[in-house]
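Engineer: In the UniProt record's numbering, the protein residues as written are 1 to 176.
Beta carbons are placed, not taken as given, at the ideal position from N, Cα and C, and that holds for glycine.
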Ligand code: IMP
């Protein structure tokens, strides 16, 4: 697939995304308000980088940032189904309150893998937020703080790539 910039349609504007990040940030703040411990916010690179950065500014709670990289897409628009860990945190997660920040849940394989890896370290809790959730698959993933549910488009921008490109678009777009 080649992306013709002239055929690119805007699915979500920068304003809509930022408003949603603020809304989710408030929900997360409310959820953790009776928990004194810090939150460990886990950014699933690379796609979540912008959402993570815009979201955490609206979470009013002590937190630490962790960045991990697992990937299931190797270029193109379809998942290989095989997940690889490209980089992981060495910090112990035992007894910690983990908040995973994802860009998109498609088949759910990546997030299932990530949750299982984190669970091995016996955290106190694991919560999940994802900016986008594709409704095409019956992935059975319970997103605690969901962003937008979208149709089965291949989307780019605001961190999401096609062949490592277009991550820097400020909006989320698709090609019909
Ligand atoms: P899953 O494992 O099928 O849920 O896919 C999750 C990962 O695939 C995301 O973290 C993205 O990196 C990538 N992905 C899924 N759908 C899209 C898309 O429409 N555009 C760009 N990347 C996507």
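Please confirm whether any heavy atom of the ligand IMP lies closer than 8 Å to the CB of residue 109.
Structural biologist: Residue 109 Cβ: within cutoff of the ligand IMP.
Engineer: Quick one, which of 102, 165, 161 has its alpha-carbon nearest residue 141's?
Structural biologist: Checking every option, the nearest Cα to that of residue 141 belongs to 102.
Engineer: What do you get for residue 124, buried or exposed, if any count of 16 or more other CB atoms within 10 angstroms of its CB means buried?
Structural biologist: Flag for residue 124 reads exposed.
Engineer: Determine the direct distance from the alpha carbon of residue 120 to that of residue 157, and round the result to whole angstroms.
Structural biologist: Straight-line Cα distance between these residues: approximately 33 Å.
Engineer: Using DSSP's beta-bridge definition, name the partner residues of residue 39.
Structural biologist: For residue 39, which the question treats as bridged, DSSP gives the partners 63, 97.
Engineer: In chain order, what residues of the same chain have a beta carbon less than 6 Å from the beta carbon of residue 95, not counting five sequence neighbours either side?
Structural biologist: Closer than 6 Å at the Cβ level, and outside the excluded window around residue 95, lie 124.
Engineer: Considering only DSSP beta bridges, list what residue 17 is partnered with.
Structural biologist: Partner(s): none; residue 17 has no beta bridge.
Engineer: I'd like to know if the region 41-59 and the region 3-14 are in contact, where contact means that at least 3 CB-CB pairs between them fall below 8 Å.
Structural biologist: Result no; under three Cβ-Cβ pairs closer than 8 Å.
Engineer: From 135, 155, 24, pick the residue whose C-alpha is nearest to that of residue 146; which is it?
Structural biologist: Residue 24 is the option with its Cα nearest to residue 146.
Engineer: Among 166, 13, 150, 100, which has the Cα closest to the Cα of residue 136?
Structural biologist: Taking only the C-alpha atoms, the option nearest residue 136 is 150.
Engineer: Going along the chain, which residues of its own chain have a beta-carbon closer than 6 Å to the beta-carbon of residue 52, five neighbours each way excluded?
Structural biologist: Counting only Cβ-Cβ distances below 6 Å, and skipping sequence neighbours, we find 43, 101.
Engineer: Unbroken beta strand (DSSP E) runs of length 3 or more, entirely within the region 101-134: which are they?
Structural biologist: Those beta strand (DSSP E) runs which fall completely within the region 101-134 and span 3+ residues are 125-134.
Engineer: Thinking C-beta only, is residue 35 closer than 9 Å to residue 66?
Structural biologist: It is not a contact, given that the beta carbons lie outside the stated cut-off.
Engineer: Closest Cβ-Cβ distance between residue 137 and chain C: below 9 Å?
Structural biologist: In the structure shown, chain C does not exist; there is a single protein chain.
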